[in-house]
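Residue numbers (my numbering): 28 to 306.
Everything on this sheet refers to the single structure shown next.
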Amino acid sequence: MTALKADPKPVLVFDSGIGGLTVLREARVLMPERSFIYVADDAGFPYGDWDEEPLKRRIIDLFVTLFAEYDPEAVIIACSTAFTLAGADLRATFPDMRFIGTVPAIKPAAERTRSGHISVLATPGTVKRAYTHDLIQSFAGQCHVKLVGSQNLARLAECYIRGDVKPDAEFLEEIAPCFVSDYGSRTDIVVLACTHYPFLANVFRRLAPWPVDWIDPAEAIARQARRMVPMVEGRSTQADLAVFTSGDPGFATRRLMQGFGLSMGEPVYSQQNQGVLFP
């Protein structure tokens, strides 16, 4: 009697909200043999409102629970704020796990710009992180880089994804600082340094004062994940899951997950807090 072959381990995609669906979409194309678990820490959203140390502890505690529950092959952290803050600590805490991070696409922007004026549209946490400034120093030293930390754009994106579209003026206020004109040269590339933002790309193009190249990081993240995740024969029979730390993402979000072919998983509980749902 031939033994049944075990399903390949799943790949876990983590984000503070639902913006990481842009990365999930690309990863599915490149890793069709794997199942996916999409985890949204919606109870902690938005991460930009947190102090660094409590947020870092929260993320590490959450991953202790996620690994015990799902035993993934690899983790894609589809959130620049989470990875630039906690990526090194996660790798030190879980040395046997493959982590694929999200960082601002400053290097490709510096390679593609013609004017030398680049803007990085990010969350306030990503803008202030030393990791981001190191990327600029390493790869964009000859460019004029404008860092724009939007306080509200991730929230606006979450509303937009769910079908609650806000007035143009609210979006324009957030992206206007990206556009710099200086002595005849002006911004020609804007790095979307938050996985929520590509969902708004068409809005940005429509409202921009002049055409620019908007760099979406999702495809590059998925390609890196494919390089790190072993390719295996066969195909997983497990359903792709969506898991929310709040336990109650709301009707519109549930419908969105269904549209992405995701079944709703059980709420995430903290092992280190005696089974209490993540606050």
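C-beta atoms are modelled at their ideal positions from N, C-alpha and C, and glycine is treated no differently.
Does DSSP put residue i in a helix, in a strand, or in coil?
i, result
"M291", "strand"
"G176", "strand"
"Y65", "strand"
"A167", "coil"
"A54", "helix"
"I45", "coil"
"A101", "strand"
"D161", "helix"
"D88", "helix"
"R156", "coil"
"A30", "A caution first: A30 carries a pLDDT of 49, below 50, which makes its placement in the model too unreliable to give a value."
"I189", "With the sequence shown as reference, residue 189 is identified as Arg, and Ile is not the correct amino acid for it. In this structure, R189 counts as coil in the three-state DSSP scheme."
Count the other CB atoms within 10 Å of the CB of residue i; is the residue buried (16 or more) or exposed (fewer)?
i, result
"G75", "buried"
"T108", "buried"
"A269", "buried"
"D195", "exposed"
"M58", "buried"
"T49", "buried"
"D123", "exposed"
"A54", "buried"
"P236", "exposed"
"R61", "buried"
"Y210", "exposed"
"G286", "exposed"
"G46", "buried"
"E293", "exposed"
Can you give me the C-alpha to C-alpha distance between residue i and residue j, rounded to a whole angstrom?
i, j, result
"A119", "I87", "11 angstroms"
"R139", "L82", "34 angstroms"
"F226", "E79", "26 angstroms"
"D243", "V256", "22 angstroms"
"Q301", "R85", "Any answer about Q301 is weak, because its pLDDT of 41 lies below 50 and its placement is not dependable; what the coordinates show is given next. Cα to Cα, Q301 sits roughly 15 angstroms from R85."
"Q169", "G143", "7 angstroms"
"C205", "L234", "12 angstroms"
"M291", "Q265", "13 angstroms"
"L148", "D191", "22 angstroms"
"F121", "A95", "12 angstroms"
"T150", "T222", "10 angstroms"
"T111", "Q164", "16 angstroms"
"S177", "A184", "12 angstroms"
Within the continuous alpha helix (DSSP H) that includes residue i, where are the two ends?
i, result
"S107", "107-120"
"S146", "Segment 144-149 is the beta strand (DSSP E) holding S146; no alpha helix (DSSP H) there."
"V230", "228-234"
"A196", "195-202"
Any heavy atom of the ligand PLP inside 7 angstroms of the beta-carbon of residue i?
i, result
"G143", "This structure simply doesn't include the ligand PLP, nor any ligand for that matter."
Starting from the Cα of residue i, find the closest Cα among the options and give me that residue.
i, options, result
"D1", "L51, M291, Y224, D42", "Nothing in the structure corresponds to residue 1, since the chain is present only between 28 and 306."
"D240", "Y187, P151, A137", "A137"
"E246", "V130, A115, K155", "V130"
"S208", "F166, K173, Y65, E260", "K173"
"I316", "D98, L117, V154", "One cannot answer for residue 316 here, as it falls past the ends of the chain, which runs 28 to 306."
"T280", "C186, I133, R232, A101", "C186"
"A115", "R213, Y158, G71, I145", "Y158"
"N179", "P73, D34, Y65", "P73"
"L219", "L39, I248, S273, S212", "I248"
On the DSSP letters alone, give me the boundaries of the beta strand (DSSP E) that residue i sits inside.
i, result
"D240", "240-242"
"R125", "125-127"
"F72", "F72 -> no beta strand (DSSP E), and no H or E assigned at all."
"A136", "Per DSSP, A136 belongs to no beta strand (DSSP E); it is in the alpha helix (DSSP H), 133-139."
"F271", "268-271"
"V207", "Careful: V207 lies outside any beta strand (DSSP E) and carries neither H nor E."
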